[in-house]
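Taken in order, these protein sequences are the chains called A and B. Residues in the first sequence are numbered from 1 upward in steps of one, following my numbering. Residues in the second sequence are numbered from 223 upward in steps of one, following my numbering. Where is the CB? At the ideal position from N, CA and C, for every residue including glycine.
Number of protein chains: 2
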Amino acid sequence: MQPRRADGVREALEQMIVTGELTNGERLDETSLAERFGCSRTPLREAFQSLAASGLLDLVPHRGAFVRHPGLTDMVEMFEVMAELEAYCGRLAARRVSAADLAALRETVIACEDAAAASDHDRYYAENERFHHLIYAASGNGFLAEQARQLHRRLKPFRRLQLRVRGRLDQSLAEHRAILAALEAGDANAVSEALRGHIAVQGGKFNDLMASYKSSHLNAGK
Amino acid sequence: MQPRRADGVREALEQMIVTGELTNGERLDETSLAERFGCSRTPLREAFQSLAASGLLDLVPHRGAFVRHPGLTDMVEMFEVMAELEAYCGRLAARRVSAADLAALRETVIACEDAAAASDHDRYYAENERFHHLIYAASGNGFLAEQARQLHRRLKPFRRLQLRVRGRLDQSLAEHRAILAALEAGDANAVSEALRGHIAVQGGKFNDLMASYKSSHLNAGK
DNA sequence: GTCAACCATTTTGTATACAAGATATCCATT
DNA sequence: AATGGATATCTTGTATACAAAATGGTTGAC
């Protein structure tokens, strides 16, 4: 991972943060990171600003940039908001979804079925992401869609871990089918509630989340 | 406005953007801005990254930074999301609000009454902001509160303009009273709906918003 | 022996110099 | 006259040099 170009610095750093390669609370040394990336401190510091704005770094003046991994509490809070955003997307989408959107959604569900049958977690996740992004877009509210995408992105690593829990794939798939059915029926409440339940961390999902959180090793230094 | 220090550059720029001093689509010339702020291009460019992440700037590689004012559509979309976020804050707050929170909320309502009686828009806005921030915090979800604060901040200039519409102050105050009453009663649905209605752009509010938007001169170059 | 102040070292913050890409101008050609 | 291309100029992107601030260690006093 040696991006000569600066555009990649932000992405590379983000990757290093979310994968846990950089542990929580760790101070990022500008000089050594610059050397590692084969660039100077300038593009690095610009990336820091961007990452800090996304909440992935803490920028303390004259002290440095510190990796900021969400704690278990933060994660639960974020999922709570994610559930609400998705539910709202779904509510709007139920009214505004187009035939083309529905066709695309049906496709992703089929693709998810294939992936689930093959136990291909990576592919399932990719299609799962497409499914949700389609719903965000179908909300007809571009700002809402963008917010949802951002949060979705931030929760990505944890969601991926969750999907590896046994049986979760099939459950997720069944929920997708229910969401799609509600959308086709144009039942805003049903869509909204199905999505909320799909995202919300409740019941057994909390234990799954906690387990995957612990195994993520992101909580070092907390 | 000449911040010698770099921490102020971001704030100063943000102010210049939201006040409309910098018009929509305008390209920010690094050299001239640096000269104006009495600093070099380096801190400016770091501020650009931060502002771009907040959606106030568009950063086009090798082309420059362009001011990005929300169009009328964007604004309506943002208010739509704001209404939903506030409604959710209220729903949570109805369960979690503390006696101290309620006392503080009562204070702000009284302060709002004073300000409204004196037709002091600036003071009313300040207390109004405090009222809403208290509810965000009372939601007990720190992430949600932060998201709400950010969006609230971004909508600030438009909200201020809206409040200048005749009669809007008294209406807003009455709604605050209703929200507080619902919170005291612990009626989650009532709080949620009262807040949604308080924020949502609907009915006559849309015309007010449109009028204030036009008079904001932020839409130049669109 | 402990605490505090001072100095050295390290690290962040800023300015400037330089490189690379983009735009605009001017000239040649059709 | 219009178009296409080459070049000059300007702007952004990056590296480096320098300044300021913080940290850590050492020394001296109590």
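Determine whether the beta carbon atoms of residue i and residue j lie at a separation below 8 Å.
i, j, result
"residue 141(A)", "residue 195(A)", "no"
"residue 402(B)", "residue 331(B)", "yes"
"residue 30(A)", "residue 66(A)", "no"
"residue 300(B)", "residue 292(B)", "yes"
"residue 86(A)", "residue 148(A)", "yes"
"residue 324(B)", "residue 406(B)", "yes"
"residue 400(B)", "residue 317(B)", "no"
"residue 164(A)", "residue 121(A)", "yes"
"residue 37(A)", "residue 296(B)", "no"
"residue 383(B)", "residue 437(B)", "yes"
"residue 271(B)", "residue 50(A)", "yes"
"residue 448(B)", "residue 377(B)", "Outside the displayed span of chain B (223 to 444) sits residue 448(B), for which this structure offers no information."
So which residues of chain B does residue i contact, with C-beta pairs closer than 9 Å?
i, result
"residue 7(A)", "283"
To the nearest angstrom, how far is it from the Cα of residue i to the Cα of residue j?
i, j, result
"residue 231(B)", "residue 46(A)", "14 Å"
"residue 19(A)", "residue 157(A)", "7 Å"
"residue 61(A)", "residue 170(A)", "48 Å"
"residue 58(A)", "residue 68(A)", "6 Å"
"residue 186(A)", "residue 294(B)", "28 Å"
"residue 390(B)", "residue 329(B)", "20 Å"
"residue 172(A)", "residue 415(B)", "31 Å"
"residue 239(B)", "residue 278(B)", "8 Å"
"residue 221(A)", "residue 28(A)", "Note on residue 221(A): pLDDT 45, under 50, position unreliable in the model; no value is reported."
"residue 200(A)", "residue 84(A)", "8 Å"
"residue 432(B)", "residue 261(B)", "38 Å"
"residue 339(B)", "residue 351(B)", "18 Å"
"residue 413(B)", "residue 396(B)", "14 Å"
"residue 203(A)", "residue 321(B)", "30 Å"
"residue 206(A)", "residue 428(B)", "41 Å"
"residue 32(A)", "residue 7(A)", "19 Å"
"residue 54(A)", "residue 430(B)", "33 Å"
"residue 15(A)", "residue 41(A)", "19 Å"
"residue 233(B)", "residue 21(A)", "33 Å"
"residue 388(B)", "residue 298(B)", "21 Å"
"residue 434(B)", "residue 246(B)", "16 Å"
"residue 63(A)", "residue 13(A)", "19 Å"
"residue 302(B)", "residue 381(B)", "13 Å"
"residue 374(B)", "residue 152(A)", "21 Å"
So residue i contacts chain A; which residues on that side make the cut at Cβ distance below 7 Å?
i, result
"residue 271(B)", "46, 49, 50"
"residue 276(B)", "53"
"residue 296(B)", "143"
Check the C-beta distance from residue i over to residue j and give it rounded, since I have them as a contact under 8 Å.
i, j, result
"residue 348(B)", "residue 358(B)", "No, residue 348(B) and residue 358(B) are not in contact; Cβ-Cβ is about 16 Å, not under 8 Å."
"residue 274(B)", "residue 266(B)", "No, residue 274(B) and residue 266(B) are not in contact; Cβ-Cβ is about 12 Å, not under 8 Å."
"residue 89(A)", "residue 176(A)", "Going by Cβ atoms, the distance from residue 89(A) to residue 176(A) rounds to 14 Å, so no, they are not a contact pair."
"residue 337(B)", "residue 346(B)", "4 Å"
Using a Cβ cut-off of 9 Å, pull out every chain A residue sitting near residue i, in sequence order please.
i, result
"residue 303(B)", "85, 88, 141, 143, 144, 147"
Residues of chain B with CB under 7 Å from residue i, in chain order?
i, result
"residue 78(A)", "365"
Quickly, what does DSSP pair residue i with across the bridge? List them, please.
i, result
"residue 225(A)", "Look at the range of chain A in this structure, 1 to 222, and you will see that residue 225(A) is not part of it."
"residue 28(A)", "65(A)"
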